[in-house]
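The sequence shown begins at 1 in my numbering and counts up by one.
C-beta: ideal position from N, C-alpha, C; glycine also.
This report concerns only the one structure given below.
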Amino acid sequence: MSKSLAPLRIFWGLSRLTPRSHYHGAQRTSVRPPVQSGIATRHASNTPTRKDSQTFTLNDGRVLGFSEYGCEHGTPLLFFHGFPSSRLEGFGVDQIARRLQIRVLTLDRPGFGISTFQPNRRIIDWPGDVKAFADYMGLKRFAILGGSGGCPYTLACAYSLPKEMLSAVGILSGGGPWDRGVKDIPMRSRLTHLAAYYSPTTLEVLTNGLVKGTKWLLSTGPVSKRIDKYLESQGKKAQDDGTEPSENLTKTKRRERLIRIGFEGFAQGAGAFTQEALLLSTDWGFPLERIDYNPIKIWHGGKDVNAPVEWLRAMAERIPHSRFQVFEDDTHFTVARHLEEILTDLVPKSAVSN
1 MSKSLAPLRI FWGLSRLTPR SHYHGAQRTS VRPPVQSGIA TRHASNTPTR
51 KDSQTFTLND GRVLGFSEYG CEHGTPLLFF HGFPSSRLEG FGVDQIARRL
101 QIRVLTLDRP GFGISTFQPN RRIIDWPGDV KAFADYMGLK RFAILGGSGG
151 CPYTLACAYS LPKEMLSAVG ILSGGGPWDR GVKDIPMRSR LTHLAAYYSP
201 TTLEVLTNGL VKGTKWLLST GPVSKRIDKY LESQGKKAQD DGTEPSENLT
251 KTKRRERLIR IGFEGFAQGA GAFTQEALLL STDWGFPLER IDYNPIKIWH
301 GGKDVNAPVE WLRAMAERIP HSRFQVFEDD THFTVARHLE EILTDLVPKS
351 AVSN
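This is the structure we're talking about:
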C-alpha cells in the first residue's frame with residue numbers, strides 16, 4: 001500500500017478502538033430538506049499546502065470545516081468521511097487525486113472536527129449543507145464519494161440534489177440501513193445502537209474516556225516506535241515503487257500527522273459520535289427505492305466484517321440503478337488499496353471539470 005493510503009488505512013484501524021455502530025441508518029422523515037445558502041470565511045491551515053482546515057458559514061450561523069486535497073484545478077469530488085472521522089480523512093487520497101487530476105473537497109459533518117454541533121440534525125439535512133457549500137465554491141457539477149459512515153449521506157444527496165448537479169455518485173466500504181432487520185449487522189454495532197438510544201450520556205462519557213486513553217497509549221514509547229517503523233516502511237516502499245515523492249518530515253511529524261487525522265473527529269468530544277451512532281442506526285429518512293440517480297456505484301470488500309457484504313448487497317438490490325462491485329479478498333480496510341482504480345472509474349478523465 002502506498003504511503004498516501006497509510007493514514008486512511010491506519011485511521012480506520014485506530015477507529016476500531018472506539019465503540020461504533022459503524023455506518024448504519026438515520027432519520028424519520030422523507031421530506032426533502034430546504035437548501036440553505038451560505039457565506040464563507042477561511043483561516044490558515046496547519047499544513048498550508050493542503051488547505052486542510054478551512055471553514056464555511058451557513059446562513060443559520062453554523063460553521064462547517066472543510067479541506068482540499070489533490071489537484072487544485074482538477075475535476076471536483078466531494079468526499080464524505082467515515083464514522084467517526086473528519087475532513088482530514090481526505091489526506092489519504094491526496095497523491096492519487098493529484099495523479100488523476102481530481103480536486104478532493106472533504107466536509108466535516110456537524111460536531112466532527114471543526115464543524116458546529118447541530119442538535120436534532122437528520123441525515124436528510126445534509127444535502128442542503130452540501131448545496132450551500134457547492135454554491136459558495138462555484139461548483140455547478142461535482143462527483144460525490146462516501147467512505148464507510150459517509151454512505152447514507154451520499155445516498156441522501158443522490159436522493160435530494162438535482163441530477164444535473166452530480167457528475168458521479170459512489171460508495172466505498174459503506175454500511176446498509178437497519179430497516180430490514182439486524183441479521184447481517186455486527187453485534188458490536190447493535191450494542192452501540194442500544195447505548196446511543198437508551199443511555200447516550202453514558203456512551204458519550206465512556207467514549208471520551210476511551211479516546212483519551214487511546215491517545216495516551218499511542219504517545220508511549222513502544223507504540224510510537226511501532227507506528228514510526230510502519231510509516232517508514234510504507235514510505236520507502238512508495239518511493240521504491242515511484243508512486244510518491246519523498247517528504248521532508250521527521251518521524252515525529254509524520255506520526256503526529258497520522259494521530260491528528262485519526263482523532264480529529266473527536267476534537268469537540270464524543271457528542272457528535274453519540275449523535276451519529278443513533279442517526280446511522282435508525283431510519284435514514286428517505287426510501288432507497290426512490291433514488292433515481294443513475295448509476296450509484298458501490299465498492300465493497302468480500303471479507304468485510306465491519307459491514308458484511310451481504311448487508312450491502314441487500315441495500316444495493318433496493319437501489320434502482322446501483323452497480324455493486326465486490327473485491328472478494330479485501331476487508332473493510334484493505335479495500336483502500338483499490339482507490340486508484342475506484343477513483344478512475346468514478347471520475348474518468350473525460351469528466352467535465354468546473
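Kindly confirm or deny that the stretch 291 to 307 and the stretch 319 to 331 touch, where touching means at least three C-beta pairs closer than 8 Å. yes
Look up E68 in the DSSP assignment and say whether it is helix, strand or coil. strand
N-terminal and C-terminal residue of the alpha helix (DSSP H) that S160 is part of: C151 to S160
Specify, as a first and last residue, the run of the alpha helix (DSSP H) that I342 falls within. L339 to L346
Best match in F263, P127 and D94 for proximity to T154 [C-alpha to C-alpha]: P127
Spatially closest choice to G113 from L77, R260, P177 and I185, by CA coordinates: R260
Touch check for the stretch 220 to 239 and the stretch 199 to 206: three-plus C-beta pairs under 8 Å? no
Under 7 Å, do G170 and K297 count as touching if we go by C-beta distance? yes
In the DSSP assignment, what are the bridge partners of T106? S67 and F79
Three or more beta-carbon pairs under 8 Å between the stretch 180 to 189 and the stretch 252 to 270, yes or no? no
Quick one: Cα of S37 to Cα of T250, how far? Confidence is the limiting factor: at S37 the pLDDT is only 34, short of 50, which leaves the residue's position unreliable and the question unanswerable from this model.
Which same chain residues, not among the five before or five after I144, have their C-beta less than 6 Å away from its C-beta? L78, T154, C157 and V169
How big is the Cα-Cα spacing for L107 and F80? 7 Å
Can you pull the DSSP bridge partners for V326? H300
Since I185 and W311 are thought to touch, with beta carbons under 8 Å apart, how far apart are those beta carbons, to the nearest angstrom? 7 Å
I259: first and last residue of the uninterrupted beta strand (DSSP E) it sits in: Where I259 is concerned, there is no enclosing beta strand (DSSP E), although the alpha helix (DSSP H) it sits in stretches over K251 to F263.
Start and end residues, beta strand (DSSP E) containing L58: Q54 to L58
Enumerate in chain order the residues of its own chain whose CB-to-CB distance from R103 is below 6 Å, with the five nearest sequence positions on each side excluded. G70, C71, G74 and P76
Name the one or two DSSP bridge partners that G74 has. Per DSSP, none; premise fails for G74.
Around the C-beta of G221, are 16 or more other C-beta atoms found within 10 angstroms, so that it is buried, or is it exposed? exposed
Determine the direct distance from the alpha carbon of K131 to that of L161, and round the result to whole angstroms. 8 Å
Kindly indicate which residue of L206, L172 and Q101 has the alpha-carbon position closest to the one of A336. L172
Can you give me the start and stop residues for the beta strand (DSSP E) that I171 sits inside? L166 to L172
So is S219 buried or exposed if we call it buried at 16+ other beta carbons inside 10 Å? exposed
Count the C-beta pairs between the stretch 113 to 124 and the stretch 270 to 286 that are closer than 8 Å, then say yes if the count reaches three, no if not. yes
Taking the beta strand (DSSP E) that I144 belongs to, which residues open and close that run? F142 to G147
Comparing alpha-carbon positions, which option in L339, S167 and S85 lies nearest F66? S85
For the alpha helix (DSSP H) that contains W126, what are its first and last residues? W126 to M137
With G111 and M315 assumed to form a contact (beta carbons below 8 Å), what rounded beta-carbon distance in angstroms separates them? The Cβ separation is near 25 Å, so there is no contact.
Which listed residue (S281, T252 and T214) has its alpha carbon closest to that of E232: T252
Work out the CA separation of R313 and H24 for me, nearest whole Å. Note that H24 has pLDDT 33, beneath the 50 cutoff, so the model's placement of it is unreliable and the number below is only indicative. Roughly 14 Å separates the two Cα atoms.
Can you give me the C-alpha to C-alpha distance between H193 and R109, rounded to a whole angstrom? 19 Å
Please state whether DSSP places D292 in a helix, a strand or coil. coil
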